[in-house]
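Asker: Sending over a structure as structure tokens; questions will come in a sec.
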Amino acid sequence: MQNYLPILILAIIALIFACGSLIVSSLIGQKKPNEDKLRPYECGVIPVGDARQRYPVRYYIVAMLFIVFDIEAAFMYPWAVLFKELGWFGFIEMLVFMVILIIGLIYVWGKGALEWE
Amino acid sequence: MAEEKKYMTLSMGPQHPATHGVLRVILELDGEVVHKAIPVIGHLHRGVEKLGEARTYLQNIVFSDRLDYTSAMNNNLAYCLTVEKLCGVEVPDRAKVIRVIMAELSRIAAHLIWLATHALDIGAMTLYFYCFREREEILDMFEMTSGQRLTPSYIRIGGLMNDLPEGFLERLKKFVDNFDAHVDEYETLLTKNPIWIARTKGVGYISAEDAINWGITGPVLRGSGVKFDFRKATPYSGYENFEFDIPTGTHGDCYDRYLVRLEELRQSNRILKQAIKMLPSGPVNADVPQLVFPEKEKVLNNIESLIMQFKLASGGFTVPKGEVYASVENAKGEFGYYIVSDGSSNPYRMRIKSSCFINLSALPFIVKGSMVADVVAVIGSIDIVLGEIDR
Amino acid sequence: MNSKEIFETIKSDCKSLITEAFMGIDIPTFVVEPDSLLEFMKYIKKMPQLSFDLIADITAVDYPNRAKRFELVYHIFSIKNAVRIRVKTKVEDGGSVESVTSIWRGAEWLEREVFDMFGVTFKNHPDLRRILMNEDYKYHPLKKEFPLQGYEES
Amino acid sequence: MGIESHLGIITTSLDKIVNWGRKNSLWPMTFGLACCALEMMVAASARHDISRFGAEVFRGSPRQADLLIVPGTLTKKMLPYVLRLYNQMPEPKWVIAYGACACSGGIFNTYNVVQGVDKVIPVDVYVAGCPPKPEALLRAIVMLRKKIEKETLKDRV
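Quick note, the sequences are listed as chains E, W, G and U, same order.
Note that the numbering used here gives residue 42 to position 42 of the first sequence, counting from 1, and the numbers run on in steps of one.
Note that the numbering used here gives residue 369 to position 252 of the second sequence, counting from 1, and the numbers run on in steps of one.
Note that the numbering used here gives residue 519 to position 11 of the third sequence, counting from 1, and the numbers run on in steps of one.
Note that the numbering used here gives residue 819 to position 157 of the fourth sequence, counting from 1, and the numbers run on in steps of one.
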């Protein structure tokens with residue numbers, strides 16, 4: 001229990017600082033809402049149309065690919081930390097995991113999902 | 118049922134770090150790709166042409182500085198050349214060479230601002246501080262000769278405001294000697310910089326025929342490979358006695374325009390070196406008493422000069438009837454005045470031809486189909502100044 | 509070819525189109541009828557030895573007491589010969605002229621500015637709108653009768 | 663408004679701290695109209711070094727700026743945008759009218775120029791000159807800091 005005290009103190013200080021600054025600024029700050037201030041800022045112009053439109057599908061594909069390969073990299077961290085203890089079993093296991101994903105990458109590359117146009 | 122493609126309209130509005138002033142570009146975007154760009158200008162329209170008709174010829178010199186405020190002396194030169202051609206006044210040689218010195222110094226200052234802001238828009242912060250350090254030296258020289266840094270109104274009809282102060286030539290020599298090293302410094306920062314190349318090579322392409330068809334002049338035209346410069350084609354104010362060459366690009370993209378302007382910095386420096394050597398002595402103003410202000414001590418001592426000074430300052434001088442168009446190779450391209458005079462002391466019509474106005478009209482053509490970030494690079498590389506566009 | 513020869517060749521070649529031609533203080537000047545303007549402009553652009561390919565400036569000058577009030581002034585430059593010429597046409601108030609944007613793309617904004625400032629309309633111009641003033645502005649500021657400080661409510 | 667209406671002593675020290683914070687971190691908005699914008703850029707560059715006053719962070723959007731320097735000529739076409747930008751700035755905000763055109767329309771007394779920014783938005787410090795030298799902008803910021811020092815939270819309701 002003893003060595004968790006600093007973390008507790010740190011959390012409390014962070015909490016005080018975060019909530020404190022919000023409370024003080026809401027008390028001190030002046031609130032003068034006016035019609036322009038509540039409107040989204042677009043270089044001084046009244047925004048036309050809404051931003052919620054059909055986005056090209058490319059963005060979605062890139063996002064999905066990123067998540068897949070990011071999590072793959074995330075899994076490598078615990079393996080790398082325990083690399084010595086896991087020995088050959090861990091290595092083969094990770095190899096299988098990566099080969100599956102590389103096959104996925106080759107498929108995606110072949111389908112041309114990586115090109116931006 | 119392919120429903121009509123709805124584009125997101127985004128306003129790269131009057132207040133935007135990358136629009137170099139108060140230009141507004143309405144972008145119709147398909148994701149990142151610009152489907153259509155519509156520039157909206159006029160936010161700095163101060164009605165200078167209308168104002169010119171209500172002011173005397175002497176008072177209009179002041180407006181010329183505030184049009185392309187990055188290179189003010191070039192505008193003075195354009196205005197004074199036009200009025201001098203109208204009155205048929207020839208300026209002495211010393212004034213011609215000093216005018217060339219001032220025009221080239223303000224061209225260097227204009228290109229330094231272009232390089233600072235263009236690089237800043239694309240993300241290279243250090244250029245901003247390097248370029249403004251050199252530009253400060255030029256502004257000190259302007260302040261030394263004319264008392265004002267940015268809008269000196271130093272070049273007057275019939276000559277100059279006054280002769281060069283002592284110490285100017287030494288300072289100019291010092292600046293000119295180590296300016297080439299500074300340009301190499303900029304070159305090392307950007308020319309082989311992979312980010313800079315990625316952001317500007319192949320971006321904002323315009324072919325030579327399109328550039329001419331759009332009426333583009335200046336570094337943008339030379340960037341597309343057209344070897345054309347008004348200082349060589351229609352020499353004015355003694356430019357024919359200087360040798361300098363005209364840099365041209367080959368691909369007509371932002372990168373080539375950058376290289377052309379860097380080379381122009383070196384060429385202007387070369388002209389300055391020649392000008393220092395060949396600066397003749399002699400009077401600075403043409404001795405046309407009804408046009409040019411008498412010297413200060415003459416005004417204080419004898420009565421005719423005092424009367425002449427008073428008449429010139431209050432009523433101004435009359436210009437014979439006629440119309441003249443004269444233009445100058447400004448840092449951004451051809452900058453010209455078309456003045457119609459009806460014999461009175463106010464111009465009947467003072468038209469200002471601005472190169473940025475026409476170069477900017479080609480923006481929708483250049484930018485169609487490129488990314489939003491490229492619009493920023495292209496606006497920086499066309500190098501627009503809103504004072505000159507909106508007049 | 510220098511400006512003298514160009515002046516002679518143009519004067520002789522299209523005598524029918526030109527109503528007046530004289531060497532101005534600085535550059536040759538031609539006065540053309542509004543309806544033969546397009547033809548004259550096509551001629552000076554297409555002729556290989558003339559090749560006036562760079563549109564320098566289009567503007568108008570307002571002479572209120574003339575019948576045809578506005579005098580449109582075109583400055584066109586030839587890169588090959590490094591010569592500039594001035595072409596003028598006379599248009600009455602609210603009149604219209606053929607647009608030269610089909611010949612020089614750069615003329616689009618210049619003509620829009622003349623329309624904005626003087627009210628001269630240009631036939632089959634790509635998008636003739638006001639360029640400097642607001643789109644719903646009711647006056648044309650560079651007309652001589654328009655006061656310098658403008659009207660109060662504008 | 664909040665706690666300062668009751669306890670006097672706390673508010674004065676709070677005033678001092680708040681004013682000290684605000685005075686030393688005036689973040690101007692990147693907003694350049696005409697020629698004076700160049701002299702403002704020079705003031706932000708190495709030689710005149712506006713960052714001595716903590717004002718070198720030129721924020722792109724009005725949301726994060728608390729100082730609006732108006733450098734150049736305000737025209738009637740630009741008027742609605744400047745008004746909207748001023749309104750979109752959060753509350754402790756100050757305005758410096760930089761240059762003769764911003765102070766009084768300057769030499770452009772024409773149909774399309776607003777004769778002075780103070781006809782539209784409240785101005786705190788006027789800087790004369792066409793364009794004024796960068797030192798004049800630093801002088802204006804020093805004057806503005808003195809003005810901020812004397813402010814109390816009560817009167818900024």
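Think of the CB as a built atom: it goes at the ideal place given N, C-alpha and C, for glycine as much as any other residue.
Mind checking the segment 679-697 of chain U against chain W and listing, in chain order, the residues whose C-beta falls within less than 8 Å of any C-beta there?
Answerer: The segment 679-697 of chain U vs chain W, Cβ under 8 Å: 691, 692, 693, 694, 695, 696, 697.
Asker: Using a C-beta cutoff of 9 Å, does residue 60 of chain E count as contacting chain U?
Answerer: Chain U, which has no Cβ nearer than 9 Å to the Cβ of residue 60 of chain E, makes this no.
Asker: In this structure, how does DSSP classify residue 126 of chain W when only helix, strand and coil are distinguished?
Answerer: Note: residue 126 of chain W maps to strand in three-state DSSP.
Asker: Counting only the same chain and skipping the five closest in sequence on each side, list residues whose C-beta sits under 8 Å from that of residue 52 of chain E.
Answerer: Correct list: empty, nothing qualifies.
Asker: Could you pull out every residue in the same chain whose Cβ sits closer than 7 Å to the Cβ of residue 207 of chain W, ignoring the five residues on either side in sequence?
Answerer: Same-chain partners within the cutoff: 403.
Asker: Could you work out which residues of chain U lie near residue 196 of chain W, taking near to mean beta carbons separated by less than 9 Å?
Answerer: By Cβ distance, chain U contributes nothing, its closest Cβ being about 15 Å from residue 196 of chain W, past 9 Å.
Asker: Within the same chain, show all residues whose beta-carbon is closer than 6 Å to that of residue 319 of chain W, passing over the 5 residues directly before and after it, in chain order.
Answerer: Taken in chain order, the residues that qualify are 370.
Asker: On the DSSP bridge list, what partners appear for residue 583 of chain G?
Answerer: Paired residues: G:565, G:594.
Asker: Pull up the distance between the alpha-carbon of residue 64 of chain E and that of residue 81 of chain E, whole angstroms please.
Answerer: Roughly 27 Å separates the two Cα atoms.
Asker: Once DSSP output is grouped into helix, strand and coil, what is the label at residue 712 of chain U?
Answerer: It is helical.
Asker: For residue 176 of chain W, which residues in the same chain have their Cβ closer than 8 Å to its Cβ, ignoring the five residues on either side in sequence?
Answerer: So the list reads 433, once near-sequence residues are dropped.
Asker: Using only the alpha-carbon positions, how far apart do residue 334 of chain W and residue 470 of chain W sit?
Answerer: If I take the Cα positions, the gap works out to 12 Å.
Asker: Going by Cα to Cα distance, which pick from G:646, G:557, G:540, G:613 is closest to residue 633 of chain G?
Answerer: Among G:646, G:557, G:540, G:613, the Cα nearest to that of residue 633 of chain G is on G:613.
Asker: Measure the C-alpha to C-alpha separation of residue 698 of chain U and residue 734 of chain U and round it to an integer number of angstroms.
Answerer: Distance between the alpha carbons of residue 698 of chain U and residue 734 of chain U is about 5 Å.
Asker: Is there at least one Cβ from chain G nearer than 9 Å to residue 485 of chain W's Cβ?
Answerer: Chain G, which has no Cβ nearer than 9 Å to the Cβ of residue 485 of chain W, makes this no.
Asker: Since residue 727 of chain U and residue 754 of chain U are thought to touch, with beta carbons under 8 Å apart, how far apart are those beta carbons, to the nearest angstrom?
Answerer: With 8 Å as the limit, residue 727 of chain U and residue 754 of chain U do not qualify as a contact, their Cβ atoms being about 11 Å apart.
Asker: Checking the sheet assignment: what are the DSSP bridge partners for residue 470 of chain W?
Answerer: BP columns for residue 470 of chain W point to W:453.
Asker: Output needed for residue 255 of chain W: all residues of its chain with C-beta closer than 6 Å, excluding positions within five of it in sequence on either side, in chain order.
Answerer: 222, 226.
Asker: What are the complete alpha helix (DSSP H) segments, minimum 4 residues, inside the segment 360-402 of chain W?
Answerer: Those alpha helix (DSSP H) runs which fall completely within the segment 360-402 of chain W and span 4+ residues are 371-394.
Asker: Beta strand (DSSP E) containing residue 631 of chain G: first to last residue?
Answerer: 629-631 is the span of the beta strand (DSSP E), which, as asked, contains residue 631 of chain G.
Asker: Determine which residues of the segment 726-740 of chain U have a Cβ less than 7 Å from any Cβ of chain G, and write them out in chain order.
Answerer: Cβ contacts with chain G: 739.
Asker: Counting only C-beta atoms, is residue 153 of chain W closer than 9 Å to chain E at any point?
Answerer: Answer no: the Cβ-Cβ gap between residue 153 of chain W and chain E never drops below 9 Å.
Asker: Could you name the residues of the same chain whose beta carbon sits closer than 7 Å to that of residue 530 of chain G, not counting the 5 residues immediately before and after it, in chain order?
Answerer: Excluding positions up to five away in sequence, the list reads 537.
Asker: Going by other Cβ atoms of all chains shown within 10 Å of its Cβ, with 16 needed for buried, is residue 794 of chain U buried or exposed?
Answerer: By the neighbour-count rule (16 or more Cβ atoms within 10 Å), residue 794 of chain U is buried.
Asker: Which residue wins for smallest C-alpha separation from residue 524 of chain G, given the options G:540, G:557, G:514?
Answerer: Ranking G:540, G:557, G:514 by Cα distance to residue 524 of chain G puts G:540 first.
Asker: With a threshold of 8 Å, are at least 3 pairs of Cβ atoms found where one atom belongs to the segment 699-714 of chain U and the other to the segment 792-811 of chain U?
Answerer: Because the criterion of three Cβ pairs below 8 Å is met, the segment 699-714 of chain U and the segment 792-811 of chain U touch.
Asker: Is residue 560 of chain G buried or exposed, if buried means 16 or more other CB atoms sit within 10 Å of its CB?
Answerer: Residue 560 of chain G is buried by the Cβ-count criterion.
Asker: Taking a cut of 8 Å between CB atoms, which residues from the segment 588-602 of chain G lie near chain W?
Answerer: Those residues of the segment 588-602 of chain G that come within reach of chain W (Cβ to Cβ, closer than 8 Å) are 590, 592, 594.
Asker: Can you name the residues that DSSP bridges to residue 443 of chain W?
Answerer: Answer is W:454.
Asker: Mind checking if residue 185 of chain W is an interface residue toward chain G, Cβ cutoff 9 Å exclusive?
Answerer: No, residue 185 of chain W lies away from the interface with chain G (no Cβ there is under 9 Å from its Cβ).
Asker: Using a Cβ-Cβ cutoff of less than 7 Å, which residues in the same chain neighbour residue 118 of chain W once the five nearest sequence positions on both sides are dropped?
Answerer: Here residue 118 of chain W scores only 46 on pLDDT, less than 50, and its place in the model should not be relied on; the value that follows carries that caveat. If we look at residue 118 of chain W and ignore the five residues flanking it on each side, it has no Cβ neighbours.
Asker: Based on Cα-Cα distance, which residue from W:234, W:259, W:463 lies nearest to residue 493 of chain W?
Answerer: When only C-alpha atoms are compared, the closest one is W:234.
Asker: Please go through the same chain and pick out, in chain order, the residues whose beta-carbon is closer than 8 Å to the beta-carbon of residue 405 of chain W, but skip the five residues on each side of it.
Answerer: Around residue 405 of chain W: 204, 206, 275.
Asker: If residue 486 of chain W and residue 151 of chain W are in contact, beta carbons under 8 Å, what's the gap, nearest whole angstrom?
Answerer: At roughly 7 Å, the Cβ-Cβ gap stays under 8 Å, so residue 486 of chain W and residue 151 of chain W are in contact.
Asker: Quick one: which chain U residues come within Cβ less than 7 Å of residue 44 of chain E?
Answerer: Here the neighbours are 743, 746, 747.
Asker: Could you pull out every residue in the same chain whose Cβ sits closer than 8 Å to the Cβ of residue 777 of chain U, ignoring the five residues on either side in sequence?
Answerer: Once the five neighbours on either side are set aside, the close Cβ partners of residue 777 of chain U are 766, 767, 771.
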